[in-house]
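Residue 293 in the working numbering is what sits at position 291 of the sequence shown, and the numbering runs on without skipping anything. From the three backbone atoms N, C-alpha and C, an ideal C-beta is built for every residue, glycine too.
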Amino acid sequence: MSADIVIRGGTVVDGSGAPGRRADVAITGDRISGIGPGLKGEQELDAGGQVVAPGFIDIHTHYDAQVFWDPSLTPSSFHGVTSVVAGNCGFSIAPTRPEHHETIARTLENVEDMNVASLAAGIPWDFETFPEYLDSIRRRGTVLNFTAYVGHTALRLFVMGDEAYERAAKPEEVERMCRVVHEGIEAGAPGFATSLAPTHRGVDGKPIPSRFAERDEIEALCLAVGGTGRGVCHFAPGEAYGIKDLYELQPRVGVPFTYGALLTFPGDRYRKQVEINDQGWARGSQVWPQVTPRPVTMQITMADPFVLNLGRYFGDLMKESRPAREAAYRDPQWRARAAEDLERQVMKPRWETYRVDESERFPELEGRKVSEIAQERGCEPLDVMCELALEEDLKTRFRVYIANDDTEGVDYLLTREHVVLGLSDAGAHVGQLCDAPMPTDLLGNWVRERGTLPLETAIRKLTGEPADLFGFVGRGYLREGGFADVAVIDPETVHPGPVRRVRDFPGDADRLTADRPAGVTHVLVNGVPIRRDGEPVHEGQEARPGVVPEIA
3 MSADIVIRGG
13 TVVDGSGAPG
23 RRADVAITGD
33 RISGIGPGLK
43 GEQELDAGGQ
53 VVAPGFIDIH
63 THYDAQVFWD
73 PSLTPSSFHG
83 VTSVVAGNCG
93 FSIAPTRPEH
103 HETIARTLEN
113 VEDMNVASLA
123 AGIPWDFETF
133 PEYLDSIRRR
143 GTVLNFTAYV
153 GHTALRLFVM
163 GDEAYERAAK
173 PEEVERMCRV
183 VHEGIEAGAP
193 GFATSLAPTH
203 RGVDGKPIPS
213 RFAERDEIEA
223 LCLAVGGTGR
233 GVCHFAPGEA
243 YGIKDLYELQ
253 PRVGVPFTYG
263 ALLTFPGDRY
273 RKQVEINDQG
283 WARGSQVWPQ
293 VTPRPVTMQI
303 TMADPFVLNL
313 GRYFGDLMKE
323 SRPAREAAYR
333 DPQWRARAAE
343 DLERQVMKPR
353 WETYRVDESE
363 RFPELEGRKV
373 SEIAQERGCE
383 PLDVMCELAL
393 EEDLKTRFRV
403 YIANDDTEGV
413 DYLLTREHVV
423 LGLSDAGAHV
433 GQLCDAPMPT
443 DLLGNWVRER
453 GTLPLETAIR
463 KLTGEPADLF
473 GFVGRGYLRE
483 GGFADVAVID
493 PETVHPGPVR
503 RVRDFPGDAD
513 RLTADRPAGV
523 THVLVNGVPI
533 RRDGEPVHEG
543 QEARPGVVPE
553 IA
């Protein structure tokens with residue numbers, strides 16, 4: 003019997019880490035119906051000279067809202083991604099009540115730099131419970147497979163109301179939260195996510211609700227996940243629960259933990275985290291730090307300099323009007339006090355990594371380090387940023403390197419055991435960064451160009467490894483009977499391509515996108531081609547073949 007589609011003549015790299023082999027892949031309906039030579043199908047996709055792999059899985063996204071106005075989940079779908087996990091760091095948009103919609107939106111604005119106008123125009127808010135949220139997505143359909151954690155911030159607001167932003171939970175409130183987590187996992191959530199990170203501040207600069215949680219609450223919610231026997235707990239560690247604490251709690255909970263993220267910074271802190279991880283696994287703890295091949299960079303303007311807003315002076319200033327911000331930037335004394343305050347922060351600026359990225363009036367400065375310009379002018383880096391910005395109506399764009407700009411350190415992290423690829427942050431900070439091309443970056447720059455990983459290992463890290471971690475049934479591997487999520491990649495040309503700024507979000511908001519990758523030839527989701535011969539397939543996009551994947 004002939005299959006619906008045959009992907010012919012490629013090298014099958016099946017997601018297990020095993021060597022690739024020449025074979026055809028047959029697809030019938032939403033399943034792989036055969037892998038071998040000489041298979042027949044009604045349609046053929048040419049994969050000669052290319053790699054046929056499972057569709058890539060991105061476990062660290064923030065598409066919770068964007069899924070409603072962009073079911074293709076761009077730009078991830080351009081880069082071979084077929085399944086995503088949202089709700090990371092505890093920032094889901096469900097469960098929720100109508101009186102908290104604005105609070106959730108403003109929290110996402112402060113923490114993930116999402117545009118409030120986009121959120122207001124794009125989220126239908128036809129749900130309250132977490133199962134209703136997933137049902138709302140199912141009704142509309144998605145191009146990619148989509149699921150999301152039950153997030154701690156939304157969960158606390160749902161159960162505690164506005165007091166979630168003020169205090170610890172009472173025992174009966176913790177019990178209610180545990181029931182909601184259980185309900186969410188039964189409906190399809192892959193687990194529970196929380197943030198204790200001191201850098202995460204919500205409405206009016208207050209700590210986000212999950213940072214008010216005491217240890218007993220966090221442990222109870224994780225144990226609620228463990229009680230289901232499936233799923234994952236995701237952490238952004240902080241004071242209430244540090245990295246070492248995760249290795250003590252995980253064996254009691256039973257399900258795997260993951261945290262974001264393990265990144266290179268100056269010094270040896272990341273190597274010490276690797277030692278903690280190795281020691282934890284040797285004792286039987288299953289904690290998976292997330293690593294990424296991408297340098298963590300952001301584009302900012304002084305109209306809203308996101309990475310500087312962690313400082314008290316900038317945080318307070320962002321509550322003021324535009325004229326008040328400009329007046330502060332003109333004041334040398336304010337600049338001096340603000341710069342001194344930034345040096346006391348957890349993530350103090352690495353001024354040597356700040357560069358002028360876009361300047362219409364001063365194009366000769368583009369690409370130059372702010373610290374070098376400051377040295378030439380005999381002033382401080384913050385003075386340069388303020389003065390340039392004031393000359394251009396605060397439109398000057400600066401590029402900031404936050405972490406992972408040490409290529410040898412990234413080589414080291416990518417090759418460690420028991421780490422998982424994550425932190426693309428796709429769907430968040432869309433006006434400042436675009437790391438959704440992580441898969442094509444890994445395959446082009448770190449496999450082909452640098453030789454950091456063998457191709458089969460890299461494919462496993464993008465597919466089988468995250469599928470095993472989350473328990474995605476029938477996904478992450480090319481196996482007969484499995485779901486037909488497939489990416490066909492040209493290993494000689496694959497590359498993330500350029501990043502550009504577009505204005506296509508609700509509320510007339512702009513964003514960065516990477517919509518022109520090289521070497522992503524064909525992509526299928528549940529047997530439906532959504533990309534063919536390097537171009538999106540309109541019919542496949544309209545079919546919205548994605549589902550909420552089953553977790554076991």
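So the candidates are the options; which of them puts its Cα closest to the Cα of residue i?
{"i": "Ala516", "options": "Arg108, Ala195, Gly228, Thr76", "result": "Thr76"}
{"i": "Asp385", "options": "Thr30, Asp427, Trp336", "result": "Trp336"}
{"i": "Thr109", "options": "Pro258, Ser197, Asp510, Pro551", "result": "Ser197"}
{"i": "Asn447", "options": "Leu435, Cys436, Ala460", "result": "Ala460"}
{"i": "Gly143", "options": "Gly207, Val69, Phe129", "result": "Val69"}
{"i": "Glu419", "options": "Gln292, Leu310, Leu435, Asp512", "result": "Gln292"}
{"i": "Leu445", "options": "Val522, Arg481, Arg332, Leu471", "result": "Val522"}
{"i": "Arg599", "options": "Gly466, Asp115, Tyr356, Ile302", "result": "No answer is possible for residue 599: the residues shown for the chain start at 3 and end at 554."}
{"i": "Arg314", "options": "Glu345, Thr299, Ala284", "result": "Glu345"}
{"i": "Gly429", "options": "Asp48, Thr454, Ser120", "result": "Ser120"}
{"i": "Lys246", "options": "Gln275, Gly231, Arg271, Cys224", "result": "Gln275"}
{"i": "Gly22", "options": "Pro519, Asp32, Ile37", "result": "Ile37"}
{"i": "Thr30", "options": "Glu552, Glu541, Ala545, Phe485", "result": "Phe485"}
{"i": "Met349", "options": "Val255, Leu41, Glu451, Pro268", "result": "Pro268"}
{"i": "Arg217", "options": "Gly204, Gly256, Pro173", "result": "Pro173"}
{"i": "Leu248", "options": "Trp290, Thr266, Ile210", "result": "Trp290"}
{"i": "Arg357", "options": "Glu393, Ile404, Ala338", "result": "Ile404"}
{"i": "Asp333", "options": "Met387, Arg370, Gln377", "result": "Met387"}
{"i": "Phe58", "options": "Trp353, Arg141, Asn147", "result": "Asn147"}
{"i": "Asp395", "options": "Phe214, Ser361, Glu104, Tyr414", "result": "Ser361"}
{"i": "Gly229", "options": "Pro258, Ile210, Gln52", "result": "Pro258"}
{"i": "Asp407", "options": "Glu354, Glu393, Pro439", "result": "Glu354"}
Report the three-state DSSP secondary structure of residue i (helix, strand or coil).
{"i": "Arg337", "result": "helix"}
{"i": "Thr515", "result": "strand"}
{"i": "Trp290", "result": "strand"}
{"i": "Ile404", "result": "strand"}
{"i": "Ala326", "result": "helix"}
{"i": "His202", "result": "coil"}
{"i": "Thr76", "result": "coil"}
{"i": "Ile375", "result": "helix"}
{"i": "Ile210", "result": "coil"}
{"i": "Leu526", "result": "strand"}
{"i": "Asp359", "result": "strand"}
{"i": "Asp48", "result": "strand"}
{"i": "His62", "result": "coil"}
{"i": "Met300", "result": "strand"}
{"i": "Gly466", "result": "helix"}
{"i": "Ser120", "result": "helix"}
In chain order, what residues of the same chain lie with their CB nearer than 7 Å to the CB of residue i, ignoring the 5 residues before and after it?
{"i": "Ala123", "result": "Pro508, Gly509"}
{"i": "Ala222", "result": "Val176, Cys180"}
{"i": "Pro253", "result": "Gly286, Ser287"}
{"i": "Phe316", "result": "Pro307, Leu310, Ala340"}
Indicate whether residue i and residue j have their beta-carbon atoms separated by less than 8 Å.
{"i": "His236", "j": "Gly186", "result": "no"}
{"i": "His81", "j": "Leu425", "result": "no"}
{"i": "Ser85", "j": "Val145", "result": "no"}
{"i": "Arg502", "j": "Asp512", "result": "no"}
{"i": "Pro1", "j": "Thr442", "result": "Look at the range of the chain in this structure, 3 to 554, and you will see that residue 1 is not part of it."}
{"i": "Gly473", "j": "Ala391", "result": "no"}
{"i": "Pro97", "j": "Glu130", "result": "yes"}
{"i": "Arg479", "j": "Pro56", "result": "Looking at the sequence itself, residue 479 is Tyr, so the reference to Arg does not match. Result yes, Cβ atoms of Tyr479 and Pro56 sit closer than 8 Å."}
{"i": "Glu2", "j": "Ala170", "result": "Because the chain here runs from 3 to 554, residue 2 falls outside it and cannot be looked at."}
{"i": "Leu464", "j": "Leu423", "result": "yes"}
{"i": "Leu319", "j": "Ala330", "result": "yes"}
{"i": "Lys42", "j": "Ser4", "result": "yes"}
{"i": "Val530", "j": "Pro547", "result": "yes"}
Excluding five sequence neighbours on each side, which residues of the same chain lie with their C-beta closer than 6 Å to the C-beta of residue i?
{"i": "Val54", "result": "Ile9, Gly12, Val14, Val27, Val490"}
{"i": "Asp16", "result": "Tyr479, Leu480"}
{"i": "Glu111", "result": "Val118"}
{"i": "Gly92", "result": "Gly153, His154, Thr155, Ala195, Thr196, Ser197, Ser212"}
Taking residue i as part of the beta strand (DSSP E), name the residues at either end of that continuous run.
{"i": "Asp280", "result": "From DSSP, Asp280 is part of no beta strand (DSSP E) but of the alpha helix (DSSP H) over 271 to 284."}
{"i": "Tyr261", "result": "259 to 261"}
{"i": "Ser35", "result": "33 to 38"}
{"i": "Met440", "result": "Premise fails: Met440 lies in the alpha helix (DSSP H), 440 to 443, not in any beta strand (DSSP E)."}
{"i": "Val27", "result": "23 to 30"}
Which stretch, first to last residue, makes up the alpha helix (DSSP H) that contains residue i?
{"i": "Ser426", "result": "No alpha helix (DSSP H) contains Ser426, which DSSP labels as neither H nor E."}
{"i": "Gly186", "result": "173 to 189"}
{"i": "Ser85", "result": "Note, Ser85: premise wrong, no alpha helix (DSSP H); beta strand (DSSP E) at 83 to 88."}
{"i": "Asn147", "result": "Premise fails: Asn147 lies in the beta strand (DSSP E), 147 to 150, not in any alpha helix (DSSP H)."}
With hydrogens ignored, establish whether the beta-carbon of residue i is closer than 7 Å to any heavy atom of the ligand NAP.
{"i": "Gln252", "result": "The ligand NAP is absent from the structure shown, which contains no ligand whatsoever."}
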